[in-house]
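*Asks:*
Numbering (our numbering), first residue to last: 1 to 227.
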């Protein structure tokens, strides 16, 4: 999330502008979905996309779908939450992908690691510290809401019907895990991350939000051990 007094993209016109934003969201969604799927497959098979064979190809497709839902929705709602709240405050906001960072994320995934910094919501305006904090909070908060929803659905569905299928179980587990991780990462109070702006605005709000994210993190750790 970045602020600009007069960003160039504002001049493109509403319809073309919206089309550009949709394309940038799609680029980022596909890139981070591939990156996370690549890492998950590598963690299970020891091989990445180009060395997984026919069985690994089907496994990659499975993880690509899971990542597209779990990571894609988490990323989408995170960025759109920033955008929605900024616009509620009367500011002009749109998402723009960072192509170099998307390429870096994809290449890094072949090593078994993911660095998800797909882009940012560009905002025109000068928000107050409170507005800045609330806009920043909306992103991680959306991930925490999604993590809780994945967890509740998992408890209800798996509790009522048992293990429906490995695919469904993985979807719920990774949906919970990845959204928790995204929230926790973005709440780190450093550099350009959301956590720094929230911390500067209201340390209590930051502490409560980060504390809840930590609780979810340890809860998912327990779920993995039980699994």
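By construction, the Cβ of each residue, glycine as well, lies at the ideal position given by its N, Cα and C atoms.
1. Whose C-alpha, out of 203, 190 and 181, is nearest the C-alpha of residue 218?
2. In three-state terms, what does DSSP make of residue 147?
3. Identify the continuous alpha helix (DSSP H) that holds residue 121 and give its terminal residues.
4. Buried or exposed, going by whether 16 or more other CB atoms sit within 10 Å of the CB of residue 194?
5. Quick one, are the C-beta atoms of residue 114 and residue 39 less than 8 Å apart?
6. Could you tell me which of 208, 64 and 175 sits nearest to residue 70, measuring between CA atoms?
7. Would you check if there are 3 or more beta carbon pairs closer than 8 Å linking the segment 122 to 133 to the segment 87 to 94?
8. So, is the C-beta of residue 27 closer than 8 Å to a C-beta in chain B?
9. Applying the criterion that 16 or more other CB atoms from any shown protein chain within 10 Å of the CB defines a buried residue, is residue 197 buried or exposed?
10. Beta-carbon separation of residue 65 and residue 118 under 8 Å?
11. Determine the contact status of residue 85 and residue 135, defining contact as a CB-CB distance below 8 Å.
12. Tell me the rounded alpha-carbon separation between residue 27 and residue 210.
13. Classify residue 150 as buried or exposed, calling it buried when 16 or more other Cβ atoms lie within 10 Å of its own Cβ.
14. Which residues in the same chain as residue 131 place their Cβ atom closer than 7 Å to its Cβ, once the five residues preceding and following it in sequence are excluded?
15. Does the beta-carbon distance from residue 167 to residue 44 come in below 8 Å?
*Replies:* This is what the structure holds:
1. 181
2. helix
3. That residue, residue 121, is in no alpha helix (DSSP H); its beta strand (DSSP E) goes 119 to 124.
4. buried
5. yes
6. 175
7. yes
8. In summary, chain B is missing from the structure at hand, where a single protein chain is found.
9. buried
10. no
11. yes
12. 29 Å
13. buried
14. 89
15. no
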